[in-house]
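Note that the sequence shown ends on residue 123 in the working numbering; no numbers are left out.
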Amino acid sequence: MRSSLILLAAQFDGRMLLSLDEVCDAIGIQKQTAYNRLSSGSFPIPMRKEGRNLVGDIRDVAEYLDKQRTAARADYQRLKQALATT
Numbered sequence: 038m039r040s041s042l043i044l045l046a047a048q049f050d051g052r053m054l055l056s057l058d059e060v061c062d063a064i065g066i067q068k069q070t071a072y073n074r075l076s077s078g079s080f081p082i083p084m085r086k087e088g089r090n091l092v093g094d095i096r097d098v099a100e101y102l103d104k105q106r107t108a109a110r111a112d113y114q115r116l117k118q119a120l121a122t123t
């Protein structure tokens, strides 16, 4: 189990489905940006309609956050190596 899932589960009381507002809070984007990205098909979390609300699975949010962390760490290591060789 990835660390993001544990943290998100604690933050959202162990619920599996998160509202669009909660997904936006978790990934750090504004709701209007989310709507724009959903319309363009570029929103990074799969969302679905449940009644009148859009919901996303907490595991998808955690996976996205873990991928972002992995990419950031790789970028940091590349930058660190580049600075060490100059």
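All C-beta atoms in this analysis are idealised placements derived from N, C-alpha and C, irrespective of residue type, glycine included.
{"Query": "Kindly list the residues whose CB is nearer than 7 Å to the CB of aspartate 58, restricted to its own chain and excluding five residues on each side of it in sequence; keep chain order.", "Result": "Lys68"}
{"Query": "Secondary structure at methionine 38, three-state DSSP: helix, strand or coil?", "Result": "Confidence at methionine 38 is low in this model, with a pLDDT of 48, below 50, so its placement is unreliable and the value that follows should be read with caution. Here methionine 38 sits in coil by DSSP."}
{"Query": "Between which two residues does the alpha helix (DSSP H) holding arginine 115 run?", "Result": "95-121"}
{"Query": "How close, in whole Å, do the beta carbons of isoleucine 82 and valine 98 come, if the pair is a contact with beta carbons under 8 Å?", "Result": "6 Å"}
{"Query": "Could you check the C-alpha separation between leucine 116 and alanine 108 for me, to the nearest Å?", "Result": "12 Å"}
{"Query": "I need the straight-line Cα distance from alanine 63 to glutamine 118, nearest angstrom please.", "Result": "31 Å"}
{"Query": "Between which residues of its own chain and serine 41 is the CB-CB distance below 7 Å, once the five residues before and five after are set aside?", "Result": "Ala99, Leu102 and Asp103"}
{"Query": "Whose C-beta lies closer than 7 Å to the C-beta of alanine 46 among residues of the same chain, with five residues either side of it excluded?", "Result": "Ile95"}
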